[in-house]
Amino acid sequence: MSDPLIGRLVVCGVGLIGGSFALALHAARAVGHVVGIGRTPAPLERALALGVIDSIAPDWPTALAGADMVLLATPVGQADRIMAEMAPHLAPHTIVTDAGSTKRDVIEAIYARLDAQLPRVVPAHPIAGAEKSGVEAAFATLYQQRNVVVTPLPENDPEAVSVVEAAWQACGATVRRMSPQEHDRVFAAVSHLPHLLAFGLVHDLAGRANAEQLFSFAASGFRDFTRIAGSHPEMWRDICLSNRHALIAELDQYLAELAYLRALLIGNDGDALETLFAEAREARNLWAGKAFPT
Numbered sequence: 320m321s322d323p324l325i326g327r328l329v330v331c332g333v334g335l336i337g338g339s340f341a342l343a344l345h346a347a348r349a350v351g352h353v354v355g356i357g358r359t360p361a362p363l364e365r366a367l368a369l370g371v372i373d374s375i376a377p378d379w380p381t382a383l384a385g386a387d388m389v390l391l392a393t394p395v396g397q398a399d400r401i402m403a404e405m406a407p408h409l410a411p412h413t414i415v416t417d418a419g420s421t422k423r424d425v426i427e428a429i430y431a432r433l434d435a436q437l438p439r440v441v442p443a444h445p446i447a448g449a450e451k452s453g454v455e456a457a458f459a460t461l462y463q464q465r466n467v468v469v470t471p472l473p474e475n476d477p478e479a480v481s482v483v484e485a486a487w488q489a490c491g492a493t494v495r496r497m498s499p500q501e502h503d504r505v506f507a508a509v510s511h512l513p514h515l516l517a518f519g520l521v522h523d524l525a526g527r528a529n530a531e532q533l534f535s536f537a538a539s540g541f542r543d544f545t546r547i548a549g550s551h552p553e554m555w556r557d558i559c560l561s562n563r564h565a566l567i568a569e570l571d572q573y574l575a576e577l578a579y580l581r582a583l584l585i586g587n588d589g590d591a592l593e594t595l596f597a598e599a600r601e602a603r604n605l606w607a608g609k610a611f612p613t
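See below:
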């Protein structure tokens with residue numbers, strides 16, 4: 320039997336994303352041993368009991384001993400601290416990658432903390448997730464037929480980039496490349512803004528005097544629109560703050576759209592409203608047909 324792609328993998332943040340990465344690589348026989356490390360012991364002990372990881376490391380020197388790859392799957396706001404802690408213990412051959420939903424702040428932390436390891440630090444972002452978080456939500460097929468965006472640095476060793484891409488491909492994902500700047504602009508529009516809107520709508524309704532009545536009549540449309548408001552608050556706080564400049568630009572664009580919709584309602588302009596709905600419906604169905612073919 321040939322050696323696995325990754326002999327020893329360290330996952331920092333064994334939740335939905337990190338746990339699913341470990342499970343997928345195990346299922347593909349692309350990893351030999353998975354070590355978990357994190358802030359608190361209880362989630363790691365649960366991950367070990369579930370077979371998501373093979374061992375728990377009490378500290379970075381222990382975790383990184385003989386490590387071939389490290390996946391940082393924590394909220395992006397923790398990246399700088401974690402990289403500072405791990406940097407003194409990284410071996411020259413160890414590849415470091417991440418699963419952060421924003422890239423600007425993560426890459427700033429890479430240059431600040433891992434400058435000596437730049438050839439083997441490869442930023443990435445799996446476009447997959449769920450409203451549930453934690454290791455118990457992890458499953459091996461999360462990344463199948465999903466996109467993973469890799470945003471290589473100019474200093475990256477092509478071999479290290481290839482290993483990171485091969486690991487995601489072993490999980491069943493389709494790998495795409497983008498610049499970090501393009502990545503953050505795109506995902507401000509199609510991911511970060513929708514989450515902000517969903518959180519905002521639920522927060523608004525929950526704060527009203529008749530909130531109980533409103534929620535008692537909410538049905539499948541409300542459920543579908545607000546599903547992502549069940550996502551991890553700390554993770555989305557960090558994402559929104561990290562990508563706030565691009566997100567503010569998208570929010571301003573959306574506010575203009577809301578102002579236009581408001582004007583149509585004030586003007587009782589049914590024809591224009593129906594035209595807008597029809598154009599949106601066509602665009603949405605065209606996207607859905609391509610993204611989720613039956």
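Residue numbers (my numbering): 320 to 613.
The beta carbon of each residue, even a glycine, is placed where N, CA and C say it ideally should be.
Owing to the predicted nature of the structure, the values given are computational and were not obtained by experimental measurement.
Spatial distance of residue i from residue j (CA atoms)
i	j	result
Asn587	Pro394	45 Å
His502	Lys422	7 Å
Ala418	Pro445	6 Å
Ile429	Phe534	44 Å
Leu335	Ala602	31 Å
Asp399	Val425	7 Å
Leu592	Glu598	10 Å
Ala525	Phe536	13 Å
Ala528	Ser339	41 Å
Trp555	Gly448	12 Å
Leu595	Leu584	12 Å
Thr613	His408	48 Å
Asp378	Pro499	30 Å
Leu560	Ala530	28 Å
Ala297	Gly326	No statement about residue 297 is possible, as the shown extent of the chain runs from 320 to 613 and does not include it.
Ala410	Ile401	16 Å
Arg600	Gly549	25 Å
Ala435	Ser321	31 Å
Asp590	Val467	41 Å
Ala578	Glu427	36 Å
Per-residue burial, residue i [other beta carbons within 10 Å of its own, 16 or more giving buried]
i	result
Asn562	buried
His564	exposed
Glu478	exposed
Leu515	buried
His412	exposed
Ile558	buried
Phe611	exposed
Phe518	buried
Leu580	exposed
His522	exposed
Asp543	exposed
Asp360	Checking the sequence shown, residue 360 turns out to be Pro, not Asp. Its Cβ having fewer than 16 others within 10 Å, Pro360 is exposed.
Ala386	buried
Gly337	buried
Leu328	buried
Contact set for residue i: own chain, Cβ-Cβ below 7 Å, skip 5 residues either direction
i	result
Val483	Ile414, Thr416, Val441, Ala443, Val469
Pro473	none
Ile547	Glu450, Pro513, His514, Ala517
His551	Ser452
Glu553	Pro394
Close Cβ partners of residue i (< 8 Å) along its chain, the five nearest in sequence each way excluded
i	result
Pro471	Val441, Pro442, Val480, Arg496
Asn475	Leu437, Pro438, Arg439, Val440, Val441
Leu512	Leu566, Glu569, Leu570, Tyr573
Arg465	Pro445, Ile446, Ala447, Gly491, Ala492, Thr493
Pro380	His408
Whole-angstrom C-beta distance between residue j and residue i, which should lie under 8 Å
i	j	result
Thr545	Leu520	6 Å
Leu324	Ala486	6 Å
Tyr462	Ala343	6 Å
Gly309	Val389	Here the chain comprises residues numbered 320 to 613, so residue 309 is not present and cannot be evaluated.
Ser452	Ser510	Contact flag wrong, Cβ pair sits at about 16 Å.
Ala392	Arg432	In fact, because the Cβ distance is near 17 Å, the residues do not count as touching under 8 Å.
Val454	Ala366	4 Å
Ala489	Ala347	4 Å
Met405	Leu369	Incorrect: roughly 25 Å between the Cβ atoms, too far for contact.
Cβ-based neighbour list, residue i, same chain, cut-off 6 Å, excluding 5 preceding and 5 following
i	result
Asp373	His352, Val353
Ala507	Asn562, Ala565, Leu566, Glu569
Gly355	Val330, Val333, Leu363, Ala366, Ile372, Ile375
Ala459	Leu342, Ala343, Ala346
Gly396	Asp557
Gln532	none
Residues that residue i bridges to, as DSSP identifies them
i	result
Asn466	Thr493
Ala443	Val469
Ile325	Val350
Thr416	Leu390, Val441
Gly355	Val330, Ile375
Neighbour flag for residue i against chain D, beta carbons, 8 Å
i	result
Phe536	The structure shown has no chain D; it contains just one protein chain.
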